[in-house]
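Residue numbers for the sequence shown follow our numbering, beginning at 129 and rising by one. Using N, Cα and C, we set each Cβ at its ideal position, and we do this for glycine too.
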Amino acid sequence: MRKLIFLLIKEFQQIFRNPAIIRIIFVMPAVQLLVLPLAADYEVKNVYVTVVDHDHSDYSRQLIEHIRSSNYFLLTGYADSYQAALKDVEDDRSDIILEIPDGFERDLVRDDEVTLNLSANAVNGAKGGIGAAYAASLI
């Protein structure tokens, strides 16, 4: 315990001996608080989307075109099955899988509501999660 007290006394003597160190102690955290939040950007662009369209209807094409016209998403292609789309995610060619179920147009017209499957890549959590949230708000 005596060694710790001795070290603390020595360090405080060093700090107060040099006025530049005192300025650094107070200025550097203030600069970090002002500059670093401006450098952190959580906006995600170029989210790659693979579409699994089981319906192939006009409404599903309109939905895909609506996603494609967004500034955030890039359509990487279509897959015949969810497993094929998952292979794109595993090979890092896609960040999000949008699966449109069979009967999408029929259910949308009849019930004015339909369930879509939107799967995000969990390896790149920020891009996948934020991209999925963008897609959910867009849909």
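### Message
So, for glycine 257: in the same chain, excluding its five sequence neighbours on each side, which residues have a beta-carbon less than 7 Å away from its beta-carbon?
### Response
Along the sequence shown, one-based indexing puts residue 257 at 129. Cβ within range, chain order: Ala248.
#### Entry: DSSP beta-bridge partners of valine 175
For the purposes of this step, residue 175 is taken as residue 47 along the sequence shown, with counting starting at 1. For valine 175, which the question treats as bridged, DSSP gives the partners Phe201.
### Query
Any chance the region 183 to 202 sits against the region 145 to 164, with 3 or more Cβ pairs inside 8 Å?
Cβ pair count under 8 Å is below three, so no.
### Message
If you follow the alpha helix (DSSP H) that serine 247 is in, where does it begin and where does it stop?
### Response
The sequence position of residue 247 within the sequence shown is 119, counting from 1. Per DSSP, serine 247 belongs to no alpha helix (DSSP H); it is in the beta strand (DSSP E), 245 to 248.
### Task
May I ask you to report which of helix, strand or coil DSSP gives valine 180?
Walking along the sequence shown from the start, residue 180 turns up at place 52. Reduced to three states, the DSSP call for valine 180 is strand.
### Query
In whole angstroms, what is the alpha-carbon distance linking glycine 117 and aspartate 239?
Since the displayed the chain opens at 129 and closes at 267, residue 117 lies outside it and no answer follows.
### Query
Considering glutamate 99, what are the terminal residues of the alpha helix (DSSP H) in which it resides?
Absent from the model: residue 99. The displayed extent of the chain is 129 to 267, so no value can be given.
### Query
For the alpha helix (DSSP H) that isoleucine 195 lies in, which residues bound it at each end?
Residue 195 sits at position 67 when you count from the first residue of the sequence shown. From DSSP, the alpha helix (DSSP H) with isoleucine 195 extends over 186 to 196.
### Query
From alanine 90 to phenylalanine 144, what distance separates their C-alpha atoms?
It is not possible to answer for residue 90, since the shown part of the chain is limited to 129 through 267.
### Message
Under DSSP, the alpha helix (DSSP H) around isoleucine 152 begins and ends at which residues?
### Response
Against the sequence shown, residue 152 aligns to sequence position 24. Its alpha helix (DSSP H) spans residues 147 to 167.
### Task
Would you mind working out which of Pro229, Arg196, Val155, Leu202 sits nearest histidine 184, comparing C-alpha positions?
Locating residue 184 in the sequence shown gives position 56, counting from the first residue. It is Pro229 whose Cα lies nearest to the Cα of histidine 184.
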